[in-house]
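Sequential numbering of the sequence shown, starting at 1, is according to full-length UniProt numbering.
I have placed the structure first, in the form of structure tokens, so that the comments after it can refer back to it.
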Amino acid sequence: MPRGVATPEPRQQLFAAVERVVVGEGPSRLTSRAVTREAGVATGLLFSHFTNFDEFLVGYAVDRSFQLASAVAGLPTRAGSATVTENLSEIGQALPLDALVTMTRLMAYRPGITAGVEAVLGPGSAGLQPVERAIARYLAAEQQLGRVPASADPEALALIVTAVLHHLLLTDGTSPLAAGRLHRAIAALTDGFPTVAQ
1 MPRGVATPEP
11 RQQLFAAVER
21 VVVGEGPSRL
31 TSRAVTREAG
41 VATGLLFSHF
51 TNFDEFLVGY
61 AVDRSFQLAS
71 AVAGLPTRAG
81 SATVTENLSE
91 IGQALPLDAL
101 VTMTRLMAYR
111 PGITAGVEAV
121 LGPGSAGLQP
131 VERAIARYLA
141 AEQQLGRVPA
151 SADPEALALI
161 VTAVLHHLLL
171 TDGTSPLAAG
181 RLHRAIAALT
191 DGFPTVAQ
């Protein structure tokens with residue numbers, strides 16, 4: 001990029017480049033040079049905002065963890081609408097897919113990033129952890145309405161749904177098959193749940 005040309009929202013431009021690199025090539029290919037090349041900017045731009053590459057990756061993970069938490073914050077309010085299976089299946093569609101895939105793969109590849117995110121946002125705030133908590137709150141709300149059996153454990157069910165989502169993100173990535181596989185898994189998990197409030 002020529003000198004003197006302003007870069008719009010440079011942090012977000014760099015964060016989007018992280019996602020393209022990780023989704024397209026995998027986290028092992030993630031370097032400062034790969035990110036800035038993908039973003040179409042000089043390497044110095046990254047280091048004008050972050051002290052080092054590790055700080056940059058934590059900054060990315062903080063930003064996207066906050067986005068993921070915001071995207072699922074309203075899930076408990078859906079209790080009583082549609083069906084439990086449909087509401088849980090739509091989680092994958094409500095969340096930004098490239099960010100989900102990148103966060104899952106990046107945090108598996110560089111687990112130290114979790115501590116960096118939690119140092120900023122607090123315990124249990126990194127990656128899919130807020131998603132798991134939102135699912136648990138949603139299922140507890142549905143249980144109060146009688147659409148989840150009284151004998152069910154909402155936290156355990158939330159962990160299972162999150163584990164399935166995590167597996168699909170690591171294996172299927174952005175493949176359109178992932179949504180269908182998620183729906184099938186959730187349908188099997190919720191088979192026999194009441195479809196109307198009791």
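By construction, the Cβ of each residue, glycine as well, lies at the ideal position given by its N, Cα and C atoms.
Looking at the secondary structure, which residues open and close the alpha helix (DSSP H) in which residue i lies?
{"i": "Leu65", "result": "Sequence check: residue 65 is Ser here, not Leu. First-last of the alpha helix (DSSP H) with Ser65: 53-72."}
{"i": "Ala136", "result": "129-145"}
{"i": "Val22", "result": "10-25"}
{"i": "Leu168", "result": "154-171"}
{"i": "Gly112", "result": "112-121"}
{"i": "Gly180", "result": "177-189"}
{"i": "Leu47", "result": "Note on identity: in this sequence residue 47 is Phe, with Leu being the wrong assignment. Taken as a continuous stretch (DSSP letters only), the alpha helix (DSSP H) holding Phe47 covers 43-49."}
{"i": "Val35", "result": "32-39"}
{"i": "Ala108", "result": "97-109"}
{"i": "Ala94", "result": "91-94"}
Just to confirm my understanding: we take residue i, look at its own chain, exclude 5 residues before and 5 after, and list those with CB closer than 8 Å. What are they?
{"i": "Ala99", "result": "Glu19, Arg64, Gln67, Leu68"}
{"i": "Thr7", "result": "With a pLDDT of 44 at Thr7, under the threshold of 50, the modelled position of that residue is not reliable, and the figure given next carries that caveat. Excluding positions up to five away in sequence, the list reads Met1, Gln13, Val41, Leu45."}
{"i": "Leu170", "result": "Thr104, Arg105, Ala108"}
{"i": "Ala188", "result": "none"}
{"i": "Glu9", "result": "none"}
Among residues of its own chain, excluding the 5 on either side of residue i, which ones have a beta-carbon nearer than 6 Å to its beta-carbon?
{"i": "Val164", "result": "Ala185"}
{"i": "Thr195", "result": "Thr83"}
{"i": "Pro27", "result": "Arg105, Leu106, Tyr109"}
{"i": "residue 199", "result": "With the chain represented from 1 up to 198, any question about residue 199 goes unanswered, as that position is not in the structure."}
{"i": "Gly173", "result": "Val101"}
Can you name, in chain order, every residue of its own chain whose Cβ lies under 7 Å from the Cβ of residue i, other than the five neighbours on each side?
{"i": "Glu132", "result": "Ala158, Leu159, Thr162"}
{"i": "Ala152", "result": "Gln143"}
{"i": "Leu182", "result": "Ser89, Gly92, Val164, Leu165, Leu168"}
{"i": "Leu121", "result": "Val62, Ser65, Phe66"}
{"i": "Val5", "result": "Low per-residue confidence applies at Val5: pLDDT is 45, beneath 50, and the placement is therefore not dependable enough to give any value."}
{"i": "Thr43", "result": "Ser32, Arg33, Thr36"}
Next on the checklist: Count Cβ pairs between the segment 43-53 and the segment 25-34 that sit closer than 8 Å; are there 3 or more?
Outcome noted: Yes: the two stretches touch, three or more of their Cβ pairs being nearer than 8 Å.
Checklist entry - Any contact of the segment 134-144 with the segment 99-109, i.e. 3+ C-beta pairs under 8 Å? => result no
Item to check | Segment contact flag, the segment 150-164 with the segment 127-140, C-beta cutoff 8 Å, min 3 pairs | outcome: yes
Checklist entry - Quick one: any contact between the segment 175-183 and the segment 87-97, if contact means 3 or more CB pairs under 8 Å? => result yes
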